Amino acid sequence: MLPGIGVFGTGDIVRALVPFLRAKGFRVEAIWGRTLEAAENVATELNIPFHTNKVDDVLLRKDVDLVFIICQPDLHAQIAVKALGIGKHVLCDRPAGLCQFHTDLRFLPAFVQMKRRVEAGYVGTVNVCDVRVHCGSMIGTQFDWMCSHLMGGGILTMVGSHIIDIVSFVTGQRASRVHGLMRTFTKSTDKINGIRWIDSDDFCSFQMILEGGACVTATLNSHMGGGFIQEVAVCGSRGRLVVRGAALYGQTTSSGGMATREELIHQGLDEPSLLTNRNTSNTRINSLLPQPYLQGLFRLVGALKEAFATGDGEHGWLKGPVASAASFEDGQYVQAVMDALRLSSASRQWEQVTVATDETQLNPLDQT
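So the sequence shown is residues 1 to 368, counted in full-length UniProt numbering.
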């Protein structure tokens with residue numbers, strides 16, 4: 001029997017996640033929102049039987065064994081620590097403090113195959129990773145946590161966290177030094193002006209030096225309305241691999257230095273029904289829920305079903321199906337990189353990446 005689900009958050013991603021969960025046989029038992037009204041609206045829309053604005057009301061329910069934390073990042077640590085403390089299974093979205101567990105891209109078949117081919121020597125020694133992400137604005141019609149960098153908003157957190165993780169995932173290397181530039185160009189809109197201003201970054205460019213000597217350069221630009229474009233390239237001594245959207249391409253170089261014709265390795269077709277039956281006319285939704293991330297999320301939910309369905313009862317699970325998922329330790333690394341990038345943007349210098357140890361890290365409850 002699959003575990004009952006409790007969801008923390010009422011944003012756009014919840015409207016994609018809940019149908020995915022139900023399609024795989026999970027029961028969504030409860031939802032939490034910052035306000036009772038927000039929780040009630042989403043519960044009514046998605047036919048979720050229980051809603052609340054109190055964290056403990058969800059965590060203490062006997063029919064909830066697995067919680068998805070998809071609310072504003074500055075609340076992740078508080079909720080995750082409570083949930084883990086009482087024995088709940090936890091899957092946490094984009095990073096905040098100690099509790100990052102952002103796994104969407106790791107389950108995208110294109111990146112799974114990219115990792116395998118890098119490990120098999122397709123590109124030879126990894127020298128350069130080049131990342132480009134273009135999307136529309138992530139700001140809505142009213143002020144919310146997406147507008148505030150203190151609450152976890154901004155393109156570095158929302159997109160850059162995934163990029164930092166996926167580079168480490170496919171190369172097997174972590175960053176040792178970073179240099180970053182973050183800017184907020186849109187500080188107000190027709191709907192958001194006056195007392196509260198937008199201070200979350202809408203543009204970010206950064207470089208990373210990996211442990212093995214490879215260089216990474218990434219540009220994240222949310223000023224490109226009309227669609228979501230993501231390209232991740234890994235270049236090496238023998239060739240290159242490129243994920244464009246959800247498709248994987250490869251090109252090798254001969255001993256004489258001649259490049260072969262680029263080949264399509266994985267086509268990256270959408271999952272048939274659930275991914276296509278959604279409103280794609282909203283620019284902000286396209287930026288927050290791009291197709292590659294939705295496909296990864298759909299695959300993750302499928303892996304969770306396999307892990308729990310083959311485990312020992314509701315409280316047991318098998319690690320195999322979700323072995324590639326990011327751990328909390330991976331999340332700490334991503335947070336450390338983002339902290340160093342923010343420091344670099346302020347200092348205008350290269351900064352070391354320092355991951356807190358058990359002896360030096362703060363209590364997660366102190367980070368909210």
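Every residue, glycine too, gets a C-beta built ideally from N, C-alpha and C.
Owing to the predicted nature of the structure, the values given are computational and were not obtained by experimental measurement.
Open item on the list: So, with DSSP's three-state summary, where would you put N221?
Closed with: Working through the sequence shown from its first residue, we reach residue 221 at position 221. Here N221 sits in strand by DSSP.
Open item on the list: Quick check on DSSP: helix, strand or coil for I86?
Closed with: For this step, residue 86 is matched to residue 86 along the sequence shown. DSSP places I86 in coil when its eight states are reduced to three.
Open item on the list: Between the alpha carbons of L150 and A77, how many angstroms are there, rounded?
Closed with: Along the sequence shown, read from residue 1 onward, the residue named residue 150 stands at position 150. Along the sequence shown, read from residue 1 onward, the residue named residue 77 stands at position 77. In this structure, the straight-line span from the alpha carbon of L150 to that of A77 is close to 14 Å.
Task: Range covered by the beta strand (DSSP E) that runs through H134 - done: Walking along the sequence shown from the start, residue 134 turns up at place 134. Annotation for H134: the continuous beta strand (DSSP E) segment containing it runs 126-134.
Open item on the list: Let me check understanding here. Comparing Cα to Cα, which of F8, S254, A247 lies closest to residue 421?
Closed with: No answer is possible for residue 421: the residues shown for the chain start at 1 and end at 368.
Task: Sequence ranges, alpha helix (DSSP H) only - wholly within the UniProt domain "GFO/IDH/MocA-like oxidoreductase" (111-241), length at least 4 - done: Counting whole runs of 4 or more residues, the UniProt domain "GFO/IDH/MocA-like oxidoreductase" (111-241) contains the alpha helix (DSSP H) stretches 161-171.
Open item on the list: Here's a check: name, in chain order, each residue in its chain whose Cβ is nearer than 7 Å to the Cβ of I79, leaving out the five neighbours to either side.
Closed with: As a working note, residue 79 is residue 79 in the sequence shown. By the criterion of a C-beta distance shorter than 7 Å, I79 is surrounded in its chain by F8, V55, I69, once the five residues flanking it on both sides are discounted.
Open item on the list: Once DSSP output is grouped into helix, strand and coil, what is the label at A307?
Closed with: Your numbering for residue 307 matches position 307 in the sequence shown. If DSSP states are grouped into helix, strand and coil, A307 belongs with the helices.
- [ ] Taking only the alpha-carbon atoms, compute the straight-line gap between S345 and A323 and give it to the nearest angstrom.
- [x] One-based indexing of the sequence shown puts residue 345 at position 345. One-based indexing of the sequence shown puts residue 323 at position 323. Taking the straight line joining both Cα atoms gives about 34 Å.
- [ ] Return the chain-ordered list of same chain residues with a C-beta closer than 7 Å to the C-beta of V14, the five sequence neighbours on each side being excluded.
- [x] Working through the sequence shown from its first residue, we reach residue 14 at position 14. Here the set comprises V7, V42, I70.
TODO: Could you tell me whether the Cβ atoms of R244 and Q251 are closer together than 8 Å?
DONE: Numbered from 1 along the sequence shown, position 244 holds the residue referred to as residue 244. Numbered from 1 along the sequence shown, position 251 holds the residue referred to as residue 251. In this structure, R244 keeps its C-beta atom at 8 Å or more from the C-beta atom of Q251.
TODO: Use the C-beta contact count for C99: other C-beta atoms within 10 angstroms, 16 or more gives buried, fewer gives exposed.
DONE: Reading the sequence shown from its first residue, position 99 is the one you call residue 99. Here C99 scores only 34 on pLDDT, less than 50, and its place in the model is too uncertain to base an answer on.
TODO: Quick one: grab the DSSP three-state call for A323.
DONE: Against the sequence shown, residue 323 aligns to sequence position 323. In the structure shown, A323 falls within a coil segment according to DSSP collapsed to helix, strand and coil.
Open item on the list: To the nearest angstrom, how far is the alpha carbon of A30 from that of T310?
Closed with: Position 30 of the sequence shown, counted from the start, is the residue given in the question as residue 30. Position 310 of the sequence shown, counted from the start, is the residue given in the question as residue 310. Cα-Cα distance, rounded: 24 Å.
Task: N- and C-terminal bounds of the alpha helix (DSSP H) containing V14 - done: Looking up residue 14 in the sequence shown gives position 14. Where V14 is concerned, the enclosing alpha helix (DSSP H) starts and stops at 12-23.
Task: Nonlocal neighbours in the same chain, by C-beta distance under 8 Å from L36, ignoring five residues either side - done: One-based indexing of the sequence shown puts residue 36 at position 36. H51, T52, N53.
- [ ] Pull up the distance between the alpha-carbon of T217 and that of L60, whole angstroms please.
- [x] Within the sequence shown, residue 217 is the residue found at index 217, counting from 1. Within the sequence shown, residue 60 is the residue found at index 60, counting from 1. Going by the C-alpha atoms only, they are around 45 Å apart.
Open item on the list: I believe L294 touches A16 by the beta-carbon criterion, under 8 Å. Please report the beta-carbon distance rounded to the nearest angstrom.
Closed with: Stepping through the sequence shown from its first residue, residue 294 is reached at position 294. Stepping through the sequence shown from its first residue, residue 16 is reached at position 16. Between A16 and L294 the Cβ distance is about 6 Å, and since that is below 8 Å, they are a contact.
Open item on the list: Would you call the segment 157-175 in contact with the segment 256-266, where contact means no fewer than 3 C-beta pairs closer than 8 Å?
Closed with: Output reads no: the segment 256-266 does not touch the segment 157-175.
- [ ] Measure the C-alpha to C-alpha separation of V133 and R117 and round it to an integer number of angstroms.
- [x] Stepping through the sequence shown from its first residue, residue 133 is reached at position 133. Stepping through the sequence shown from its first residue, residue 117 is reached at position 117. Looking at the two C-alpha atoms, the distance is approximately 23 Å.
TODO: Can you say whether G160 is buried or exposed, counting buried as having 16 or more other CB atoms within 10 angstroms of its CB?
DONE: Walking along the sequence shown from the start, residue 160 turns up at place 160. G160 comes out buried.
TODO: Could you check if P272 is buried or exposed, using at least 16 other CB atoms within 10 Å of its CB as the buried criterion?
DONE: Position 272 of the sequence shown holds residue 272. Because P272 sits at a pLDDT of 44, beneath the cut-off of 50, its placement in the model cannot be relied upon, and the point is left open.
TODO: Could you check what DSSP says for G331 in three-state terms: helix, strand or coil?
DONE: Numbered from 1 along the sequence shown, position 331 holds the residue referred to as residue 331. Looking at G331 - three-state DSSP - the assignment turns out to be helix.
Open item on the list: Counting beta carbon pairs with one atom in the segment 188-202 and one in the segment 229-238, are three or more of them shorter than 8 Å?
Closed with: Not touching, per the Cβ criterion.
Task: Proximity winner among P73, F203, A110, relative to Q267 (alpha-carbon distances) - done: Walking along the sequence shown from the start, residue 267 turns up at place 267. Of the candidates P73, F203, A110, the one whose C-alpha sits nearest the C-alpha of Q267 is A110.
Task: Which of helix, strand or coil DSSP assigns to A336 - done: Residue numbering aside, residue 336 sits at position 336 when the sequence shown is read from its first letter. The answer is helix: DSSP assigns A336 an H, G or I state.
TODO: Go ahead and pull the three-state DSSP assignment for E262.
DONE: Numbered from its first residue, the sequence shown carries residue 262 at position 262. E262 falls in the coil class under three-state DSSP.
Task: Beta-ladder partner(s) of G250, from DSSP - done: Locating residue 250 in the sequence shown gives position 250, counting from the first residue. Paired residue(s): L241, E263.
Task: Residue span of the alpha helix (DSSP H) that contains A38, given as start and end - done: In the sequence shown, the residue the question calls residue 38 occupies position 38. That run of the alpha helix (DSSP H) goes 36-46.
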